[in-house]
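Here the numbering used here runs 192 ahead of the position in the sequence shown, where the first position is 1. These notes are about the structure you will find just below.
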Amino acid sequence: MKIQPSRDEFHRLAGEHTVVPVWTEVLGDLETPVAAFAKLVGDEPGFLLESVEHGERWARFSFVGRDPSATLVLRNGELSVTGDLPADVPTDRGILAAIESLLEVYSSPAFADLPPLHGGIMGFLGYDVIREVEHLPDVPHDDHGLPDAVMSVIGSLAAFDHWRQRVYMIESVPTHGLDTAELDDAYDRASVSVLAGVDRLAQPLPYLPVEPPTKDDDVPELRSTMPDGMYQRAVDVAKEYILDGDIFQVVLAQRYDLE
Numbered sequence: 193m194k195i196q197p198s199r200d201e202f203h204r205l206a207g208e209h210t211v212v213p214v215w216t217e218v219l220g221d222l223e224t225p226v227a228a229f230a231k232l233v234g235d236e237p238g239f240l241l242e243s244v245e246h247g248e249r250w251a252r253f254s255f256v257g258r259d260p261s262a263t264l265v266l267r268n269g270e271l272s273v274t275g276d277l278p279a280d281v282p283t284d285r286g287i288l289a290a291i292e293s294l295l296e297v298y299s300s301p302a303f304a305d306l307p308p309l310h311g312g313i314m315g316f317l318g319y320d321v322i323r324e325v326e327h328l329p330d331v332p333h334d335d336h337g338l339p340d341a342v343m344s345v346i347g348s349l350a351a352f353d354h355w356r357q358r359v360y361m362i363e364s365v366p367t368h369g370l371d372t373a374e375l376d377d378a379y380d381r382a383s384v385s386v387l388a389g390v391d392r393l394a395q396p397l398p399y400l401p402v403e404p405p406t407k408d409d410d411v412p413e414l415r416s417t418m419p420d421g422m423y424q425r426a427v428d429v430a431k432e433y434i435l436d437g438d439i440f441q442v443v444l445a446q447r448y449d450l451e
């Protein structure tokens, strides 16, 4: 199976960029992104990106990501990092500063043969990340222990091109500061990982057909974080602030919990 780019081209690109993709492509007629996610990611950290155009048509590309090269987690103002980051990326000034620095360092070549997303940073920023920018009072009680932000540097990616019926198995290889021998090792590891991903994609997936849900199905009981009437009162207060000129926009939200 052909691995791209060639070793020599990989070395050349590594001299100009800090991250270089290594990939192969396979036919994707019989594969779906959801099935690929189950095979490639399973219960491990990963993501599935799909979208719809004009409200009724699947978009051309879907993406399944796994095995990030680095992950940044913000929790209660403390930033922790797993994996490898460039040495000049700060980890003591919050996640926004780390992302800004990482994006300044991150440079990857564009390939006409690849989908538009083949590397980068993926994750989420929660509302409380604003506290890195603004000094806000009344830190809400954390009753779930979830992180305020998680951002990962994409490592392995399966990119679906539904129009061409292709799946691109891509490894984003950090190349910053590597010498010739280290680049050879990185290229070899990426090639092995790409082919291992193809093998995993070829594995059969147990499938048990089930009926789709209907409107008559029982649904779990929902519990709101706001008692009856509290959300409506918050809307009225927000309107008063807007009329007084204190704010021009506000996002009100309530959380629903279910078993």
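Glycine included, every Cβ here is placed at the ideal spot set by N, Cα and C.
CA nearest to the CA of residue i, picked from the options
i: L414; options: T224, A251, E270, R447; result: R447
i: E324; options: V281, L266, G275; result: L266
i: W307; options: V273, L264, V281, V359; result: The question names Trp, but residue 307 in the sequence shown is Pro. Of the listed residues, the one whose Cα sits closest to P307 is V359.
i: A394; options: H354, D221, E292; result: D221
C-alpha distance - residue i paired with residue j, whole-angstrom precision
i: S385; j: L240; result: 19 Å
i: L309; j: A388; result: 21 Å
i: P439; j: E326; result: Note on residue identity: the sequence assigns Ile, not Pro, to residue 439. So the alpha carbons of these two residues sit roughly 15 Å apart.
i: R249; j: E292; result: 34 Å
i: W355; j: D284; result: 44 Å
i: H368; j: V212; result: 10 Å
i: Y319; j: P332; result: 11 Å
i: D200; j: L375; result: 10 Å
i: T274; j: V429; result: 43 Å
Beta-bridge pairing of residue i - partner residues as DSSP gives them
i: I362; result: W215, L349
i: R285; result: Per DSSP, none; premise fails for R285.
i: Q196; result: W215
i: T274; result: T263
i: V256; result: L240, A350
i: F202; result: Per DSSP, none; premise fails for F202.
i: A341; result: L266, L317
N-terminal and C-terminal residue of the beta strand (DSSP E) that residue i is part of
i: L328; result: No beta strand (DSSP E) holds L328; DSSP gives it neither H nor E.
i: V411; result: Note, V411: premise wrong, no beta strand (DSSP E); not H, not E.
i: L317; result: 313 to 317
Residue interval of the alpha helix (DSSP H) (run including residue i)
i: S385; result: 372 to 393
i: I151; result: With the chain represented from 193 up to 451, any question about residue 151 goes unanswered, as that position is not in the structure.
i: F303; result: No alpha helix (DSSP H) holds F303; DSSP gives it neither H nor E.
i: F229; result: 225 to 232
Residue i burial status per 10 Å Cβ neighbour count (16 or more: buried)
i: A279; result: exposed
i: I168; result: Not covered by the structure: residue 168. The range shown for the chain is 193 to 451.
i: R258; result: buried
i: S416; result: exposed
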